[in-house]
Amino acid sequence: MNDCLKILKAAREAEFEIQAELEHIERLHKILRLPSRSAEYAARMAEKLAVLERQLNECVDNACDRKREALVCLSALTGNERTVLYRYYILGEDWRKISDAMYMSERCVFNIRKRALDKLNYPTGFSA
Numbered sequence: 001m002n003d004c005l006k007i008l009k010a011a012r013e014a015e016f017e018i019q020a021e022l023e024h025i026e027r028l029h030k031i032l033r034l035p036s037r038s039a040e041y042a043a044r045m046a047e048k049l050a051v052l053e054r055q056l057n058e059c060v061d062n063a064c065d066r067k068r069e070a071l072v073c074l075s076a077l078t079g080n081e082r083t084v085l086y087r088y089y090i091l092g093e094d095w096r097k098i099s100d101a102m103y104m105s106e107r108c109v110f111n112i113r114k115r116a117l118d119k120l121n122y123p124t125g126f127s128a
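Here's what the structure looks like:
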């Protein structure tokens with residue numbers, strides 16, 4: 001696997017890590033708002049939320065670093081190739097959402113993805 005693909009995959013994973021942390025924090029906020037909770041329970045939950053929010057900040061910092069590296073890789077591409085990879089690796093969208101947003105079939109999106117990854121793998125145009 002080439003370096004650009006590793007970098008792109010790391011950016012996508014970082015996006016999913018942020019989404020998971022946000023969902024966890026959101027669930028805890030909902031639990032905290034439930035009636036009939038003691039002040040002691042609320043204080044414990046507030047402490048847990050503070051820890052999770054610090055972890056989320058670390059995830060966001062990590063994601064920013066990974067995405068910055070990924071954007072450098074994507075700068076070698078233009079047009080639909082760049083858009084498809086950006087939406088998939090940076091925004092974390094699935095193939096169906098990308099194809100719908102771009103008014104293309106999934107097969108067309110996959111073909112664009114393949115061409116783009118080939119260009120990133122062999123930027124000089126020569127194949128191995």
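Heads up: the sequence shown begins at 1 in our numbering, then just goes up one per residue.
Cβ coordinates follow ideal geometry from the N, Cα and C atoms, glycine included.
Since this is a predicted model, take the numbers as computed values, not measurements.
| query | Do the region 7 to 18 and the region 55 to 75 make contact, defined as three or more Cβ pairs closer than 8 Å? | reply | yes
| query | So Gly92 is in the alpha helix (DSSP H); what residue range does that whole segment cover? | reply | Taking the first residue of the sequence shown as 1, we reach residue 92 at position 92. Premise fails: Gly92 is in no alpha helix (DSSP H) and is neither H nor E.
| By Cβ distance below 6 Å, which residues in the same chain neighbour Asn121 in space, the five residues on each side in sequence not counted? | Along the sequence shown, one-based indexing puts residue 121 at 121. Non-local beta-carbon contacts of Asn121 in its own chain, meaning distances under 6 Å to residues more than five positions away in sequence, involve Asn2 in chain order.
| task | Put Thr83 into one of helix, strand or coil per three-state DSSP. | result | As a first step, residue 83 is located in the sequence shown; it is residue number 83 there, counting from the start. The answer is helix: DSSP assigns Thr83 an H, G or I state.
| Are the region 68 to 85 and the region 35 to 44 in contact at 8 Å, needing three or more beta carbon pairs? | no
| task | Rank Arg82, Ala50, Leu22, Ile112 by C-alpha distance to the C-alpha of Val60 and give the top, closest one. | result | Here residue 60 corresponds to residue number 60 of the sequence shown, with the count starting at 1. Minimum Cα distance to Val60 is reached at Leu22.
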